[in-house]
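Asks:
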Amino acid sequence: MLEIDGSAGGGQLLRTALSLSAVTEQSVTVTNVRGARPDPGLKPQHLTAVQALTAACDATVDGATLGSEEVVFQPGTPESGDLEFDIGTAGALTLVFDAVLPLAVAIERPLSVTVSGGTAVKWAPPLATYRHVKLPLCREFGLAVAVERHQSGFYPAGGGEATLHLWPAALSALSLGERGSVQGARIHSWASHDLGEDGVARRQAETSHQVLDGAGVTVLDRQVTTTAAASTGSALTVELVFERTRAGFDALGEPRKAASTVGRQAAEAAVDFVAGRGAVDTHLADQLLVFLALAGGTVVIPERTAHVETSLDLLDSFGFDLAVEETNRGVLLTG
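Count the sequence shown with the numbering used here and you get residues 1004 to 1338, in order.
This is the structure:
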């Protein structure tokens, strides 16, 4: 059984370790779960990811309780069917989806996972970024996947709901070495209904549009949505479209944070990326490594972050050795 020191990272290390365990059929013990964090151990969103993977591959698990700092995971046979989970807080449901996503290479029949929680919260990609940036990229290398949003959920109440649909897939090698020229940007702005009268979603989008326009980035589309939600909230995603890839940049509304600030933050991050390096953005870089390991190919990322280093070490523990080379286009990773 593999033993992984979880203090080297946070929830993503745990999720990736268990995902790799499921698809490689190697049992794993993760010790010191989130050990370097001020509040170590499993939080509701981490526990839900463990539960989802346990059910999805008929695993035997020890330590699947709130606060647990050690998880022992022995995978079984990947299952099909419809699974439902409730995080019980505003924890990010996209992170639960991330744990399940690699199972597409192991399942033999369709799998659907419905999760209740937060759809746009801190420290995680909003569902819009997931839906319009990450999943389309994943489809490019053969992942058969779709997501449905049923309800939006903001902090603190959560209450959002979405379903991830997976079909059996044979991955092709990733080809993300060049971004090509920028084709433009799509703006996805949304806010809870109670912010509708103030036009928060519209004002977020307008500012974002102005910043992108001013930087010479063509705005291809602008979607403004108000939505039912248990808590007041708003968010905006800028989806950058290149010839050969795409990238996503988002910002969240907060109390006493102007709608214009939300729109500007996401747009300025997008503009910086256009002027910078890499075929995918920094956040996607880390999330795609497991697929690079499983399918091979190339990905050029902007830089070697601490998250990337942790993921490379984890992949090495499972026998995946990715080559790393510094180039003028960014950091070239080859699987």
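Note that beta-carbon positions come from the ideal geometry of N, C-alpha and C, so glycine has one too.
Quickly, what does DSSP pair His1191 with across the bridge? List them, please.
Replies: In DSSP, His1191 forms a bridge with Gln1226 and Thr1240.
Asks: What do you get for Gly1070, buried or exposed, if any count of 16 or more other CB atoms within 10 angstroms of its CB means buried?
Replies: Its Cβ having fewer than 16 others within 10 Å, Gly1070 is exposed.
Asks: Give a yes or no on whether the C-beta atoms belonging to Ser1320 and Ile1007 are separated by under 8 Å.
Replies: Result yes, Cβ atoms of Ser1320 and Ile1007 sit closer than 8 Å.
Asks: Just to confirm before moving on: does the CB-CB distance between Thr1248 and Val1283 stay below 8 Å?
Replies: Yes, these two residues count as a Cβ contact at 8 Å.
Asks: In this structure, what does DSSP give as the bridge partners for His1153?
Replies: Answer is none; His1153 lacks a bridge partner.
Asks: Counting beta carbon pairs with one atom in the stretch 1132-1140 and one in the stretch 1106-1121, are three or more of them shorter than 8 Å?
Replies: No, because fewer than three Cβ pairs between the stretch 1106-1121 and the stretch 1132-1140 fall closer than 8 Å, the two stretches do not touch.
Asks: Which first and last residues belong to the alpha helix (DSSP H) in which Ser1211 is found?
Replies: Note, Ser1211: alpha helix (DSSP H), Val1203 to Gly1217.
Asks: Would you say His1196 and Thr1166 are within 8 Å of each other, going by their C-beta atoms?
Replies: No, the pair does not count as a contact, with Cβ atoms beyond the cut-off.
Asks: Under a three-way DSSP split, which group does Ala1232 fall into?
Replies: Of the three classes helix, strand and coil, the one that applies to Ala1232 here is coil, per DSSP.
Asks: In chain order, what residues of the same chain lie with their CB nearer than 7 Å to the CB of Ala988, ignoring the 5 residues before and after it?
Replies: With the chain covering only 1004 through 1338, there is no way to say anything about residue 988.
Asks: How far does the alpha helix (DSSP H) with Ser1320 in it extend, from its first residue to its last?
Replies: Its alpha helix (DSSP H) spans residues Ala1309 to Ser1320.
Asks: Check whether the Cβ atoms of Phe1323 and Ala1298 lie closer than 8 Å to each other.
Replies: It is not a contact, given that the beta carbons lie outside the stated cut-off.
Asks: Classify Glu1164: buried if its beta carbon has 16 or more other beta carbons within 10 angstroms, exposed otherwise.
Replies: So Glu1164 counts as buried.
Asks: Specify, as a first and last residue, the run of the beta strand (DSSP E) that Ala1254 falls within.
Replies: It spans Arg1249 to Leu1255 - the beta strand (DSSP E) in which Ala1254 sits, taken as one unbroken run.
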